[in-house]
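When we follow my numbering, the leftmost residue of the sequence shown carries the number -4, and every step to the right adds one. The C-beta atom is built at its ideal place from N, Cα and C for all residues, glycine as well. See below for the structure under consideration.
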Amino acid sequence: MPPFYRIARVVVNAVARVVLGFTVYGEERVPAEGPLVIAANHRRFVDPIIVSMAVPRWVKWMAKKELFSFGPFARVLYFVGAFPVDRQKGGRAALRRSMELLREGEALGIFPEGTRQRESLPRAQAKSGVAMLAVRTGAPVVPVYVGSIPGPLARLRGERLEIYIGDPIRIEEGVRGGEAYRKIAAGVLQRIYDLRPEKEGGV
């Protein structure tokens, strides 16, 4: 983790604790080094930043290359670990770059649901990419559940933004095929939602 990122993470976390009651459970479960897939639920645009602040690694995220065309915003994206992906070239380019990062020992963030999900809607099916990346690189998958962001009145009642980090999931080697990947991805998504606290509908 670069020094500038480490310092910024400390500052942002301190502000978030005061403003949002930002609280992380299970931070010690994140391996300190080696390739890692961080898999989280996805509700809002700022989720990559929230997850990055919760996980004690410099997490890399893919983002469409068009977002990098605006200088100041591009610098912010690079700062939080984002890398550009050309969607015109399809998913293979994104998968190839993601695998390169994992083989270099980086931590890669991914949302198995694929896109943002409203809390009021049924849970989406998991995309197979998270399983494919883990199987092909041998990287463990760390499930992360991002809780609801409390509004001003909720904060006055003591509610907090809580992040829950689960134990790393080791994927069996030698697994191949679309159906196998889909089953693994579904299992990862279930592990994410198993972290959900009772107050948000968890068990």
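Of the residues the options, which one's Cα is nearest the Cα of residue i?
| i | options | result |
| --- | --- | --- |
| residue 108 | 0, 2, -3, 180 | 180 |
| residue 183 | 194, 129, 147 | 129 |
| residue 125 | 1, 35, -3 | 35 |
| residue 15 | 153, 187, 135, 164 | 153 |
| residue 98 | 76, 81, 133, 122 | 133 |
| residue 190 | 176, 177, 162, 173 | 162 |
| residue 90 | 74, 75, 127, 185 | 127 |
| residue 4 | 40, 64, 75 | 75 |
| residue 186 | 148, 106, 170 | 106 |
| residue 92 | 64, 131, 171, 151 | 131 |
Less than 8 Å separating the beta-carbons of residue i and residue j?
| i | j | result |
| --- | --- | --- |
| residue 46 | residue 104 | yes |
| residue 80 | residue 55 | no |
| residue 88 | residue 53 | no |
| residue 31 | residue 135 | yes |
| residue 48 | residue 7 | yes |
| residue 94 | residue 78 | no |
| residue 188 | residue 123 | no |
| residue 13 | residue 33 | no |
Kindly indicate which three-state DSSP category residue i falls into: helix, strand or coil?
| i | result |
| --- | --- |
| residue 78 | strand |
| residue 144 | coil |
| residue 59 | strand |
| residue 156 | coil |
| residue 137 | strand |
| residue 35 | strand |
| residue 25 | coil |
| residue 164 | strand |
| residue 54 | strand |
| residue -4 | coil |
| residue 193 | helix |
| residue 125 | helix |
| residue 119 | coil |
| residue 72 | helix |
| residue 169 | coil |
| residue 8 | helix |
| residue 149 | helix |
Can you tell me where the alpha helix (DSSP H) holding residue i begins and where it ends?
| i | result |
| --- | --- |
| residue 49 | 42 to 49 |
| residue 177 | 173 to 189 |
Check for me: the beta strand (DSSP E) holding residue i runs from which residue to which?
| i | result |
| --- | --- |
| residue 202 | The chain is shown only over -4 to 198; residue 202 falls outside these bounds and no answer can be derived. |
| residue 19 | 18 to 20 |
I'd like to know if the stretch 132 to 140 and the stretch 62 to 71 are in contact, where contact means that at least 3 CB-CB pairs between them fall below 8 Å.
no
Stretch-stretch touch, CB-based, cutoff 8 Å, three pairs: the stretch -2 to 5 with the stretch 15 to 28
no
Do the stretch 147 to 159 and the stretch 7 to 21 make contact, defined as three or more Cβ pairs closer than 8 Å?
yes
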